[in-house]
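Q:
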Amino acid sequence: MRTVQKIAVVDDDAEMGRVVKDLLTLEGYEVAQYLSASEALVKFKTDRPQILITDHKMRDIDGLMFLKKVQADYPEIVSIMMTAFGSIETAIEAMKSGAYHYIVKPFKNEELVLIVKRAVEKSKLKQENKILKQELNKSFSLESIIGKSPAMTGVFELIKLISGASASVLISGESGSGKELVARAIHNSGPRKSKPFIPLNCTAIPENLLESELFGHVKGSFTGAVADKKGLFEEADKGTLFLDEIGDLSLALQAKLLRVLQDKQIRPVGGSQLKNVDVRIIAATHRDLRIMVKDGKFREDLFYRLNVVPVRVPALRERMEDIPLLVESFINKFAAQHNSQVKSISPEAMAVLMAHPWPGNVRELENVIERAMVLTRTERIEKAVILDSALEEAKHSVEQLHADRPTLEKLEERYIKLVMSEVNDSKDEAAKILGVSRRTLYRKERLYGMVADDVQEPQEEENGN
Numbered sequence: 003m004r005t006v007q008k009i010a011v012v013d014d015d016a017e018m019g020r021v022v023k024d025l026l027t028l029e030g031y032e033v034a035q036y037l038s039a040s041e042a043l044v045k046f047k048t049d050r051p052q053i054l055i056t057d058h059k060m061r062d063i064d065g066l067m068f069l070k071k072v073q074a075d076y077p078e079i080v081s082i083m084m085t086a087f088g089s090i091e092t093a094i095e096a097m098k099s100g101a102y103h104y105i106v107k108p109f110k111n112e113e114l115v116l117i118v119k120r121a122v123e124k125s126k127l128k129q130e131n132k133i134l135k136q137e138l139n140k141s142f143s144l145e146s147i148i149g150k151s152p153a154m155t156g157v158f159e160l161i162k163l164i165s166g167a168s169a170s171v172l173i174s175g176e177s178g179s180g181k182e183l184v185a186r187a188i189h190n191s192g193p194r195k196s197k198p199f200i201p202l203n204c205t206a207i208p209e210n211l212l213e214s215e216l217f218g219h220v221k222g223s224f225t226g227a228v229a230d231k232k233g234l235f236e237e238a239d240k241g242t243l244f245l246d247e248i249g250d251l252s253l254a255l256q257a258k259l260l261r262v263l264q265d266k267q268i269r270p271v272g273g274s275q276l277k278n279v280d281v282r283i284i285a286a287t288h289r290d291l292r293i294m295v296k297d298g299k300f301r302e303d304l305f306y307r308l309n310v311v312p313v314r315v316p317a318l319r320e321r322m323e324d325i326p327l328l329v330e331s332f333i334n335k336f337a338a339q340h341n342s343q344v345k346s347i348s349p350e351a352m353a354v355l356m357a358h359p360w361p362g363n364v365r366e367l368e369n370v371i372e373r374a375m376v377l378t379r380t381e382r383i384e385k386a387v388i389l390d391s392a393l394e395e396a397k398h399s400v401e402q403l404h405a406d407r408p409t410l411e412k413l414e415e416r417y418i419k420l421v422m423s424e425v426n427d428s429k430d431e432a433a434k435i436l437g438v439s440r441r442t443l444y445r446k447e448r449l450y451g452m453v454a455d456d457v458q459e460p461q462e463e464e465n466g467n
């Protein structure tokens with residue numbers, strides 16, 4: 003079924019306006035006639051047309067001024083200017099003011115009908131582009147997180163599901179993978195978004211000050227406590243407290259944090275009174291807390307309090323198809339920050355980025371793009387700039403294999419992990435590079451805890467490896 007296009011005709015000459023209305027109504031359009039620009043502007047607030055046909059010379063508001071106002075408030079409307087003063091200057095001014103086209107009075111009916119048909123096509127194209135952009139934004143991003151890979155769309159869906167609740171969330175993922183961005187997205191997508199989001203890196207503050215930072219202190223409670231101080235729990239009241247690298251908390255502080263999560267109350271250092279707090283806790287770590295629990299380095303009861311909703315952020319090597327989207331985003335970001343003329347990246351440079359294992363994840367990619375833009379003096383980032391930076395990172399990764407003088411067994415484990423990351427976990431490619439069969443590779447992975455126990459061993463001939 004064809005959608006009827008709405009057209010507004012604005013002309014203080016009632017007879018002229020009626021002629022245009024009747025002509026276009028016969029062509030199947032829904033046409034509204036207005037005798038003044040001010041009348042039309044009021045109506046547009048509730049009944050907006052796709053096409054506007056306006057006269058140039060009108061008594062209440064000049065047609066050009068009217069056109070500028072419409073384009074500023076409703077840029078999706080496609081405008082056509084009618085004028086009896088068919089000078090080139092008028093036409094140029096109309097186009098500068100945002101008109102799609104202009105027509106000189108008196109005009110032939112078929113001439114107006116043709117211009118309107120073309121304007122309708124442009125209107126439809128504008129609408130399709132708008133919908134496409136909305137879909138792209140909806141599919142490929144959430145807050146500042148960007149991705150179209152299955153791994154990231156899964157994270158987006160999980161964020162939408164859990165953002166409305168107050169349950170604690172534990173975000174896991176490698177350093178640089180974007181754990182804080184996920185935490186902010188959860189906060190900003192939920193009912194607490196108008197309240198504070200307070201981030202704290204548990205490794206950035208000395209142990210003896212961390213308790214005061216979290217719970218606050220009273221005057222005189224320790225040397226240097228010259229006044230009462232609110233802790234981050236109080237500052238985040240009704241909002242969200244993000245505890246990054248939670249695995250680095252001492253066991254003593256873990257016990258105090260557990261008490262707060264259970265009782266929803268805090269006691270400032272040196273204080274005697276309890277204070278009620280309503281805070282959603284989102285914690286993050288790059289460590290495996292389950293192993294830390296087994297080793298007695300993390301409290302099991304606190305782990306289960308935090309791990310009500312687990313969210314895993316994939317490493318960049320697990321979502322390589324997101325790299326072009328991320329690169330485009332970083333180029334736009336740093337072009338504005340550094341007043342750079344860079345607008346794109348060459349296919350050869352992109353190929354280098356796609357081949358790199360990205361041990362530093364999204365943070366490393368962002369740094370590489372920023373560096374490349376600072377060093378690029380043209381509108382396009384070329385392979386040489388990227389290659390230089392990426393190879394430096396790769397060289398660093400290889401150096402780290404033996405930096406601490408590991409045993410042969412440990413060195414083998416590290417090298418297998420490096421190769422697997424470079425080939426995006428393709429066992430066939432990794433086995434070829436390592437010079438072993440897939441079965442041997444599987445056994446090595448299992449030995450080093452790189453695959454789950456329930457993963458089946460591949461069936462193939464050993465070929466002596």
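Anchor point for the sequence shown: position 447 equals 449 in this note's numbering, and the numbering is continuous, going up by one each time.
Note that beta-carbon positions come from the ideal geometry of N, C-alpha and C, so glycine has one too.
Note that this is a predicted model, so its numbers are computed, not measured.
Among 285, 254, 207 and 119, whose alpha-carbon lies nearest the alpha-carbon of residue 188?
A: Translated into positions along the sequence shown, residue 188 becomes position 186. Closest option to residue 188, Cα to Cα, is 285.
Q: Whole beta strand (DSSP E) runs in the segment 281-306 with 3 or more residues, listed along the chain?
A: The segment 281-306 contains these whole beta strand (DSSP E) runs: 282-287.
Q: May I ask you to report which of helix, strand or coil DSSP gives residue 126?
A: Within the sequence shown, residue 126 is the residue found at index 124, counting from 1. Note: residue 126 maps to helix in three-state DSSP.
Q: Counting pairs of beta carbons, one from the segment 171-184 and one from the segment 313-321, are three or more of them closer than 8 Å?
A: A contact exists between the segment 171-184 and the segment 313-321.
Q: Nearest to residue 100 by CA position, among 53, 193, 114 and 129, is which residue?
A: Taking the sequence shown and counting its residues from 1, the one referred to as residue 100 is at position 98. Looking at the Cα atoms, 53 is the closest of the given residues.
Q: Which stretch, first to last residue, makes up the beta strand (DSSP E) that contains residue 189?
A: If you number the sequence shown from 1, residue 189 lands on position 187. Element bounds for residue 189: not the beta strand (DSSP E) but the alpha helix (DSSP H), 181-190.
Q: Which word fits residue 267, buried or exposed, when buried means at least 16 other C-beta atoms lie within 10 angstroms of its C-beta?
A: Sequence index remark: in the sequence shown, residue 267 carries index 265 (1-based). Exposed, since its Cβ has fewer than 16 Cβ neighbours within 10 Å.
Q: Taking contact to mean at least 3 C-beta pairs separated by less than 8 Å, is the segment 210-221 in contact with the segment 285-297?
A: Contact between the segment 210-221 and the segment 285-297 is absent, because fewer than three Cβ pairs lie under 8 Å.
Q: Just verifying my parser: in three-state terms, what is the DSSP assignment at residue 36?
A: For the purposes of this step, residue 36 is taken as residue 34 along the sequence shown, with counting starting at 1. Note: residue 36 maps to strand in three-state DSSP.
Q: Which residues mark the beginning and the end of the alpha helix (DSSP H) in which residue 262 is found?
A: Sequence index remark: in the sequence shown, residue 262 carries index 260 (1-based). Segment 253-265, the alpha helix (DSSP H) holding residue 262.
Q: Over what stretch of residues does the alpha helix (DSSP H) that includes residue 162 continue unbroken?
A: Here residue 162 refers to the residue found at position 160 of the sequence shown. Residue 162 -> alpha helix (DSSP H) spans 152-164.
Q: Is the beta carbon of residue 223 sitting closer than 8 Å to the one on residue 271?
A: Taking the sequence shown and counting its residues from 1, the one referred to as residue 223 is at position 221. Taking the sequence shown and counting its residues from 1, the one referred to as residue 271 is at position 269. Result yes, Cβ atoms of residue 223 and residue 271 sit closer than 8 Å.
Q: Hey, which unbroken runs of the alpha helix (DSSP H) at 4 residues or more fall wholly within the segment 7-73?
A: Listed in chain order, the complete alpha helix (DSSP H) runs (minimum 4 residues) inside the segment 7-73 are 16-28 and 39-46.
Q: Thinking C-alpha only, which one of 305, 331, 356 and 26 is nearest residue 425?
A: In the sequence shown, counting from the first residue as 1, residue 425 sits at position 423. Among 305, 331, 356 and 26, the Cα nearest to that of residue 425 belongs to 356.
Q: When we look at the beta-carbon of residue 159 and count the other beta-carbons within 10 Å, is it buried (16 or more) or exposed?
A: In the sequence shown, the residue the question calls residue 159 occupies position 157. It is exposed - the Cβ of residue 159 has fewer than 16 other Cβ atoms within 10 Å.
Q: Please state whether the Cβ-Cβ distance between residue 439 and residue 310 is less than 8 Å.
A: As a position in the sequence shown, residue 439 is number 437, starting the count at 1. As a position in the sequence shown, residue 310 is number 308, starting the count at 1. No, these two residues do not count as a Cβ contact at 8 Å.
Q: Could you please give me the residues that DSSP links to residue 334 through a beta bridge?
A: Against the sequence shown, residue 334 aligns to sequence position 332. Looking at the DSSP assignment, residue 334 forms no beta bridge with any residue, so it has no partner.
Q: For residue 413, name the three-state secondary structure that DSSP assigns.
A: Indexing the sequence shown from 1 puts residue 413 at position 411. Three-state result, residue 413: helix.
Q: Once DSSP output is grouped into helix, strand and coil, what is the label at residue 466?
A: As a working mapping, residue 466 is identified with position 464 in the sequence shown. In this predicted model, residue 466 has a pLDDT of only 41, less than 50, meaning its place in the structure is not dependable enough to derive any value.
Q: Grab me the residues of residue 103's own chain with a C-beta within less than 6 Å of its C-beta, minus the 5 sequence neighbours each way, in chain order.
A: In the sequence shown, counting from the first residue as 1, residue 103 sits at position 101. The answer, listed in chain order, is 82 and 117.
Q: Could you give the DSSP three-state label for residue 455: helix, strand or coil?
A: What you label residue 455 is simply residue 453 of the sequence shown in a count that begins at 1. The predicted model places residue 455 with a pLDDT of 48, which falls under 50 and marks its position as unreliable; any figure quoted below should be read in that light. Three-state DSSP puts residue 455 in coil, outside helix and strand.
Q: Which one of 220, 389, 304 and 252 has the shortest CA to CA distance from residue 275?
A: Taking the sequence shown and counting its residues from 1, one reaches residue 275 at position 273. When each option's Cα is compared against that of residue 275, the closest is 220.
Q: Output the boundary residues of the beta strand (DSSP E) element that contains residue 104.
A: Taking the sequence shown and counting its residues from 1, the one referred to as residue 104 is at position 102. Start and end: 103-106.
Q: Using the beta-carbon count (16 or more within 10 Å), is residue 344 buried or exposed?
A: On the sequence shown, position 342 is the one that residue 344 refers to. Residue 344 comes out buried.
Q: Can you tell me whether DSSP reads residue 81 as helix, strand or coil?
A: Translated into the one-based positions of the sequence shown, residue 81 becomes position 79. DSSP places residue 81 in strand when its eight states are reduced to three.
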